[in-house]
Every structure is written in C-alpha cells, then in structure tokens.
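Take 46 as the starting number for the sequence shown in the numbering used here and just add one per residue. The structure appears below as structure tokens.
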Amino acid sequence: MPEQTTGGRISLWGILGCIAFVAAVILMITYDHQKELYLLMTAVLSVFLLMIAFDVGIEPKTAQTVAVAEPAPLPASETVPVEQPVKKSAKTSKKRR
Numbered sequence: 046m047p048e049q050t051t052g053g054r055i056s057l058w059g060i061l062g063c064i065a066f067v068a069a070v071i072l073m074i075t076y077d078h079q080k081e082l083y084l085l086m087t088a089v090l091s092v093f094l095l096m097i098a099f100d101v102g103i104e105p106k107t108a109q110t111v112a113v114a115e116p117a118p119l120p121a122s123e124t125v126p127v128e129q130p131v132k133k134s135a136k137t138s139k140k141r142r
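Structure follows, in structure tokens:
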C-alpha cells in the first residue's frame with residue numbers, strides 16, 4: 046500500500062488570495078454592501094461544494110474503493126426475549142363507591 050501523505054504545501058498565491066478575499070469582505074461590510082457580499086459568499090460556497098463534489102485533485106488511478114462488510118448476525122443463544130407489560134383492563138382500574 047502506498048504511503049498516504051497530507052497536503053502540507055503552502056502556496057504563496059493561496060495565502061495572498063485569502064488575504065484579498067478577507068480584505069474584500071471587510072470592505073463590503075464597511076461600505077454597507079450586504080447584497081454584493083451575499084452574492085460573493087454564495088458564489089464562493091458553490092465553487093467550494095463543486096470542488097468537493099467532483100473530487101478535484103484525486104486521480105482515478107490512486108482512488109481506492111472500500112468494500113463495506115455486512116455485520117455478523119447474533120447467535121440465537123444470546124437473544125433474550127423482551128417481556129411485554131401486562132395491561133390492566135378498564136374495569137379493574139376504576140374505584141367503586
């Protein structure tokens with residue numbers, strides 16, 4: 046099995062992009078542009094979800110499928126029957142005078 050590593054690379058353009066994005070959000074809040082900020086956040090979230098949905102960055106050659114095994118059934122000797130509570134009839138629960 047090949048070694049699995051995490052993406053520990055830091056991109057200068059990624060950091061500058063994040064700083065520019067945060068600056069744009071701060072400016073939009075400062076100058077009262079809530080509608081434009083909402084549209085920007087919607088676009089960013091949509092792109093992020095599309096990236097996740099299409100597995101950007103994972104090559105089909107290295108992707109592995111995982112087989113899910115069914116759980117083993119319990120042996121018959123370990124099952125315990127559940128006792129049902131006895132219901133009282135309406136006649137015995139009423140008080141007589």
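Cβ coordinates follow ideal geometry from the N, Cα and C atoms, glycine included. Quick caveat: nothing in here was measured; it's all calculated off a predicted structure.
Report yes or no: do the segment 67–81 and the segment 92–102 share at least 3 C-beta pairs separated by less than 8 angstroms?
In short, these stretches do not touch, since the Cβ pair count stays below three.
Mapping the DSSP letters down to three states, classify Ile91 as helix, strand or coil.
Along the sequence shown, read from residue 1 onward, the residue named residue 91 stands at position 46. Residue 91 is actually Ser in this sequence, not Ile. Residue state, collapsed to three classes: helix.
Taking Cys63 as the reference, which of Pro116, Glu115, Leu95, Val89 has the closest Cα?
Against the sequence shown, residue 63 aligns to sequence position 18. Answer by Cα proximity: Val89.
Between Ala114, Leu94, Phe93, Leu85, which lies nearest to Ala69 when the distance is taken from Cα to Cα?
On the sequence shown, position 24 is the one that residue 69 refers to. Nearest C-alpha to Ala69: Leu85.
Range of the contiguous alpha helix (DSSP H) that encloses Ala69
For the purposes of this step, residue 69 is identified with residue 24 of the sequence shown, where counting begins at 1. Start and end: 57–75.
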